[in-house]
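*Asks:* Before I ask anything, let me first share the structure, which is written out below as structure tokens.
Residue numbers (my numbering), protein chains in the order written: chain A, 77 to 228; chain B, 1108 to 1469.
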């Protein structure tokens, strides 16, 4: 996991796992057969991350306020370590995400799991987003200028 | 003299039992759930998250329920709750430029890249009560439009390109900001600490101060350069990974105010900025915060410091409603002994005054 492409691929699936609805993740992961067993390296724990903003949106950082975050780490019986840090206090979500993160690091499993878990979760998120975007787009102001008689 | 007073335990227990019953209200009426609060009283939840300085919708909803809808009490509960949790670290600064936008307006440009997007707003409503809401009618579904992929860059960035707008801040993008939750506030406070303080400051207090700057107490009538609402990703670098990962998404409101500036020995005439950022949809708060942020930059910009909103010690020491309510409400606690000594003092002063008058008359 030192190679840069590997890191960006892992960042991408971890992002999908963090935004997934826990029930969907549980259902998809539950449907996977022949799962390895996992040892808890760090049981789900809720803490705080201080969220930073930037002055003027792009300038010097400042501390805006905290958010609850739940983390969990597991090791699969094949020795892969999975981590999860997820906004909120859902222990089950963090545990599932850590297990899937470990499973995805196993080369021979990756393609299958990307297809059966990560892609459907990403598609669900995208579908929700698309509907939201359409609703927002309908509130965009369409300016028009009235033609005044004296200009003719 | 300090005298311990015992007693009252039974009365306190019973007062709390009465409170719990009052909180539940008429038991013939269905109990409100925290999910209902979170979904239907969203703006109350957003305010409690912002001023409680903790992004967690369900905790804020629980606090509102427990506090019987008293938002300052709910904010107090959230602040107390955060002290029980360990701190994992600091996020990467959020990128509001890549926000998934729900609302985005500018009062300075009509036509701007990305357009004017009204989103879910009370603006342009007639502020007439809708009796239909009492009957629980389902709303008409939201209209659907054509979503384009047109980017919506920060409006003030457009002015920066012309050189008429100051930089977003002095200091570097990688500067490490101070943290109020780690060290107590001291003066003078840099802008990073001021913004952290204002971000969790009381909406009503900041609204009044912002209003005062518009009415002439600081002469800072601003333009709303941009207000945007939407979701951003929060990224964090866990020690065990060493690279940033996405923790999820949060909703934020951002406001950039534009103020004219006639220039000083230090800077040419140009536009200056005030910045507001809140959790959730807290538009009034974000606007007020931006006004007060700008007013508090008086010293930095070489302006006369003549108004309350420019006085950082006054503003920052009094904008936290948890501190304020603690000090004001502590006056309810027994001050029997203090008051006895005041009583003795007033009696003695009256006696001395009466004697002095008698002697003068003789």
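Just so you know, even glycine gets a beta-carbon here, dropped at the ideal spot from N, CA and C. This structure is a prediction, so every number in the text was calculated from the model and none was measured.
Can you say whether residue 161(A) is buried or exposed, counting buried as having 16 or more other CB atoms within 10 angstroms of its CB?
*Replies:* It is buried - the Cβ of residue 161(A) has at least 16 other Cβ atoms within 10 Å.
*Asks:* Find out if the Cβ-Cβ distance for the pair residue 128(A), residue 1195(B) is shorter than 8 Å.
*Replies:* No. Outside cutoff.
*Asks:* Checking contacts by CB at 8 Å: is residue 151(A) closer than that to chain B?
*Replies:* No, residue 151(A) does not count as interfacial toward chain B.
*Asks:* Quick one: complete alpha helix (DSSP H) runs, 4+ long, within the region 1357 to 1440 of chain B?
*Replies:* 1390 to 1402, 1419 to 1425, 1428 to 1436, all fully within the region 1357 to 1440 of chain B.
*Asks:* Residue 165(A) lies in the alpha helix (DSSP H); which residues open and close that run?
*Replies:* Note, residue 165(A): premise wrong, no alpha helix (DSSP H); not H, not E.
*Asks:* What's the C-alpha gap between residue 1456(B) and residue 1448(B)?
*Replies:* Going from the Cα of residue 1456(B) to the Cα of residue 1448(B) covers about 12 Å.
*Asks:* Counting only C-beta atoms, is residue 220(A) closer than 8 Å to chain B at any point?
*Replies:* No - not a single Cβ of chain B is within 8 Å of the one on residue 220(A).
*Asks:* Below 8 Å, can you find three or more Cβ-Cβ pairs linking the region 1299 to 1319 of chain B to the region 1426 to 1439 of chain B?
*Replies:* Short answer: they touch.
*Asks:* So the beta strand (DSSP E) residue 1210(B) belongs to, where does it begin and stop?
*Replies:* That run of the beta strand (DSSP E) goes 1207 to 1212.
*Asks:* Should residue 91(A) and residue 1353(B) be called a contact, given that it needs their Cβ atoms to be closer than 8 Å?
*Replies:* Yes, they are a contact pair.
*Asks:* Below 9 Å between beta carbons is the criterion; list the residues of the region 195 to 215 of chain A that meet it against any residue of chain B, in chain order.
*Replies:* Cβ contacts with chain B: 205, 206, 207, 208, 209, 210, 211, 212, 213, 214, 215.
*Asks:* Measuring CB to CB, does residue 1400(B) end up less than 8 Å from residue 1383(B)?
*Replies:* Against a cut-off of 8 Å, the Cβ pair of residue 1383(B) and residue 1400(B) comes out as a contact.
*Asks:* What is the DSSP secondary structure of residue 1351(B), reduced to helix, strand or coil?
*Replies:* Here residue 1351(B) sits in coil by DSSP.
*Asks:* Consult DSSP for residue 216(A) and reduce its assignment to one of helix, strand or coil.
*Replies:* Residue 216(A): strand per DSSP, three-state reduction.
*Asks:* Alpha carbon to alpha carbon, how far is residue 1303(B) from residue 1286(B)? Give it in angstroms, no decimals.
*Replies:* Near 8 Å, if we compare the C-alpha coordinates of residue 1303(B) and residue 1286(B).
*Asks:* Apply the 10 Å Cβ neighbour rule to residue 1135(B) and answer buried if 16 or more other Cβ atoms are within range, or exposed otherwise.
*Replies:* The residue is exposed, with fewer than 16 neighbouring Cβ atoms inside 10 Å.
*Asks:* With a threshold of 8 Å between beta-carbons, can residue 1249(B) be considered close to chain A, or not?
*Replies:* Yes, contact with chain A.
*Asks:* Does residue 1119(B) pass the burial test, meaning 16 or more other C-beta atoms within 10 Å, or should it be called exposed?
*Replies:* So residue 1119(B) ends up on the exposed side.
*Asks:* Got a sec: which bits of the region 165 to 195 of chain A sit with their beta carbon under 8 Å from any beta carbon on chain B, in order along the chain?
*Replies:* Those would be 165, in chain order.
*Asks:* Please confirm if residue 142(A) has its CB atom under 8 Å from at least one CB of chain B.
*Replies:* It does; some Cβ of chain B falls within 8 Å.
*Asks:* Is there contact between the region 1192 to 1207 of chain B and the region 1165 to 1181 of chain B, where contact requires at least three CB pairs shorter than 8 Å?
*Replies:* Flag = no, the region 1192 to 1207 of chain B and the region 1165 to 1181 of chain B do not touch.
*Asks:* With burial defined as no fewer than 16 other Cβ atoms inside 10 Å of the residue's Cβ, what is the status of residue 1444(B): buried or exposed?
*Replies:* Under this definition residue 1444(B) is an exposed residue.
*Asks:* At a CB-CB cut-off below 9 Å, which residues of chain A make contact with residue 1189(B)?
*Replies:* Correct list: 124, 142, 144.
*Asks:* Look up residue 1320(B) in the DSSP assignment and say whether it is helix, strand or coil.
*Replies:* Three-state DSSP puts residue 1320(B) in a helix.
*Asks:* Flag this pair as yes or no: are the beta carbons of residue 167(A) and residue 1345(B) separated by less than 8 Å?
*Replies:* Going by C-beta atoms, residue 167(A) is not nearer than 8 Å to residue 1345(B).
*Asks:* Quick test of the definition: if touching needs 3 or more C-beta pairs under 8 Å, does the region 1226 to 1242 of chain B touch the region 102 to 120 of chain A?
*Replies:* As far as the Cβ criterion goes, the region 1226 to 1242 of chain B does not touch the region 102 to 120 of chain A, which means the pair count is below three.
*Asks:* Between residue 1421(B) and residue 1391(B), what straight-line distance do the alpha-carbon atoms span, to the nearest angstrom?
*Replies:* Between residue 1421(B) and residue 1391(B), the C-alpha separation is close to 21 Å.
*Asks:* Helix or strand or just coil, what does DSSP make of residue 134(A)?
*Replies:* Coil, per DSSP.
*Asks:* Please determine, among 87(A), 178(A), 101(A), the residue with the shortest C-alpha to C-alpha distance to residue 201(A).
*Replies:* Residue 201(A) has its Cα closest to that of 101(A), out of 87(A), 178(A), 101(A).
*Asks:* Is the distance from the Cβ of residue 1067(B) to the Cβ of residue 1220(B) below 8 Å?
*Replies:* Lying outside 1108 to 1469, the shown extent of chain B, residue 1067(B) is not represented and no answer is given.
*Asks:* DSSP three-state label for residue 1311(B), please.
*Replies:* If DSSP states are grouped into helix, strand and coil, residue 1311(B) belongs with the helices.
*Asks:* Checking 8 Å against the spacing of the C-beta atoms, do residue 1330(B) and residue 1156(B) come in under that value?
*Replies:* The answer is no: Cβ separation not under 8 Å.
*Asks:* Closest Cβ-Cβ distance between residue 1145(B) and chain A: below 8 Å?
*Replies:* Cβ-Cβ to chain A under 8 Å: no for residue 1145(B).
*Asks:* What is the DSSP secondary structure of residue 228(A), counted as helix, strand or coil?
*Replies:* For residue 228(A), the predicted structure reports a pLDDT of 46, less than 50, and the residue's modelled location is therefore unreliable. A value from the coordinates is still provided. Reduced to three states, the DSSP call for residue 228(A) is coil.
*Asks:* Among 1301(B), 1166(B), 1231(B), 1179(B), which residue has its Cα nearest to the Cα of residue 139(A)?
*Replies:* If we check each option's Cα against that of residue 139(A), 1301(B) comes out closest.
*Asks:* Please return the same chain residues whose Cβ sits closer than 7 Å to the Cβ of residue 1126(B), not counting the five positions on each side in sequence.
*Replies:* Taken in chain order, the list of residues that qualify is empty.
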